[in-house]
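Chemist:
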Amino acid sequence: MSWNKDFQFLIFTDQSPSEWSDGAAGAANVQFRHLNASIFLRLATRRTAIEPRLQDGYKLCDWRMAYGEIFATWLRRFHFWGWVDLDVVLGRLAFFGYNASALTDKDVAGEFGWPSQGPLTLLRNCPEVNRLWRRLPDVATRLQHPSIQRLNEWAFGDLLWSAPIARLARPFPTQLSSSSRHNEGDIMWHQGRLWHLPSCGEASYLHFAHWKAAFESQILPTGQAFLLGPHGAIVPSDAAWARLEHCTYEEAEKSRCGQP
Numbered sequence: 116m117s118w119n120k121d122f123q124f125l126i127f128t129d130q131s132p133s134e135w136s137d138g139a140a141g142a143a144n145v146q147f148r149h150l151n152a153s154i155f156l157r158l159a160t161r162r163t164a165i166e167p168r169l170q171d172g173y174k175l176c177d178w179r180m181a182y183g184e185i186f187a188t189w190l191r192r193f194h195f196w197g198w199v200d201l202d203v204v205l206g207r208l209a210f211f212g213y214n215a216s217a218l219t220d221k222d223v224a225g226e227f228g229w230p231s232q233g234p235l236t237l238l239r240n241c242p243e244v245n246r247l248w249r250r251l252p253d254v255a256t257r258l259q260h261p262s263i264q265r266l267n268e269w270a271f272g273d274l275l276w277s278a279p280i281a282r283l284a285r286p287f288p289t290q291l292s293s294s295s296r297h298n299e300g301d302i303m304w305h306q307g308r309l310w311h312l313p314s315c316g317e318a319s320y321l322h323f324a325h326w327k328a329a330f331e332s333q334i335l336p337t338g339q340a341f342l343l344g345p346h347g348a349i350v351p352s353d354a355a356w357a358r359l360e361h362c363t364y365e366e367a368e369k370s371r372c373g374q375p
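Have a look at this one:
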């Protein structure tokens, strides 16, 4: 998070910041706000007139689309707000269109082919966009359903697609997933950049949902580089460093020759 200095991350949690071992607690652009389930229930009910019924934390994903109203007090000074999963590794978000100039005339930034993504979505902080979720059919009933309805991705995404708002165009995918096609040593994070080493390509973020168990069972390596894969996050091998050196050399040569 700390490498994306154009972003302000607000982490609402009932955990102590000291329990965060990834350096987020000490970053200037990361703020922690105490929020437990009972506080959220009262806040959401007051802001939306819908009383949440949370069987577990996963149900909160359905409520994300309403966060613009629920957390309005904390969002007043921002032009955009959004959500990001915790099972992601962020690359250079601004480089991939999550920046002020690219979003000047846009209302939503999702991913290739769909405007609302569970791992990361940005929305313009204005009443018209913040209240869009209220137009979903039977939204109160679905929000109060005990099981997750995947509203923030599918139903809300469909609404964003059909609403008269401006979406950031994505001609191709910019993110990576924990797909079986990625081998150990293929993906490397280095000083804020997320590399796909076999192609020397760069990604906006990695959603490692299917590798989560490996990450949860380990202590992440310290330093400014690590490999990401089915076995979690590990210290880069000599081969990975050599490949990264090749990729950065190619990038420098293309830049010197004026190639994109």
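Using my numbering, you'd call the opening residue of the sequence shown number 116 and step up by one each time.
Note that the Cβ used here is the ideal one computed from N, Cα and C, for glycine as well.
All values reported here derive from a predicted model rather than from experimental measurement.
List the endpoints of the continuous alpha helix (DSSP H) containing Gln259.
Modeler: Position 144 of the sequence shown, counting from 1, holds the residue named residue 259. Per DSSP, Gln259 belongs to the alpha helix (DSSP H) from 254-259.
Chemist: Going by alpha carbons, who is nearest to Arg179 out of Val203, Trp248, Glu368?
Modeler: Taking the first residue of the sequence shown as 1, we reach residue 179 at position 64. Of the listed residues, the one whose Cα sits closest to Arg179 is Trp248.
Chemist: Under the three-state reduction of DSSP, which class applies to Tyr173: helix, strand or coil?
Modeler: Numbered from its first residue, the sequence shown carries residue 173 at position 58. The answer is helix: DSSP assigns Tyr173 an H, G or I state.
Chemist: So what does DSSP say about Ala217, is it helix, strand or coil?
Modeler: Against the sequence shown, residue 217 aligns to sequence position 102. Here Ala217 sits in coil by DSSP.
Chemist: For the candidate residues Arg207, Leu238, Gln259, Asp202, whose alpha-carbon lies nearest to that of Leu156?
Modeler: Within the sequence shown, residue 156 is the residue found at index 41, counting from 1. Out of Arg207, Leu238, Gln259, Asp202, Gln259 has the C-alpha closest to the C-alpha of Leu156.
Chemist: Counting Cβ pairs, one atom from each stretch, are 3 or more of them under 8 Å apart for the region 274-290 and the region 222-231?
Modeler: Yes, the region 274-290 is in contact with the region 222-231.
Chemist: Over what stretch of residues does the alpha helix (DSSP H) that includes Val244 continue unbroken?
Modeler: The sequence position of residue 244 within the sequence shown is 129, counting from 1. Start and end: 242-245.
Chemist: Are there 16 or more other CB atoms within 10 angstroms of the CB of His194, so buried, or fewer, so exposed?
Modeler: Here residue 194 is taken as the residue at index 79 of the sequence shown, counted from 1. His194 is exposed by the Cβ-count criterion.
Chemist: Give the range of the alpha helix (DSSP H) segment to which Phe124 is assigned.
Modeler: The residue you call residue 124 lines up with position 9 of the sequence shown. Note, Phe124: premise wrong, no alpha helix (DSSP H); beta strand (DSSP E) at 124-128.
Chemist: Please name the residue or residues paired with Tyr320 in a DSSP beta bridge.
Modeler: Locating residue 320 in the sequence shown gives position 205, where the first residue counts as 1. Bridge partners of Tyr320: Leu205.
Chemist: Sort Ile185, Glu366, Gln170 by Cα distance to Cys390 and report the nearest one.
Modeler: In the structure as shown, the chain begins at 116 and stops at 375. Residue 390 is therefore absent and cannot be evaluated.
Chemist: With Ile349 as the anchor, note down where its beta strand (DSSP E) starts and where it stops.
Modeler: Translated into positions along the sequence shown, residue 349 becomes position 234. Where Ile349 is concerned, the enclosing beta strand (DSSP E) stretches over 347-349.
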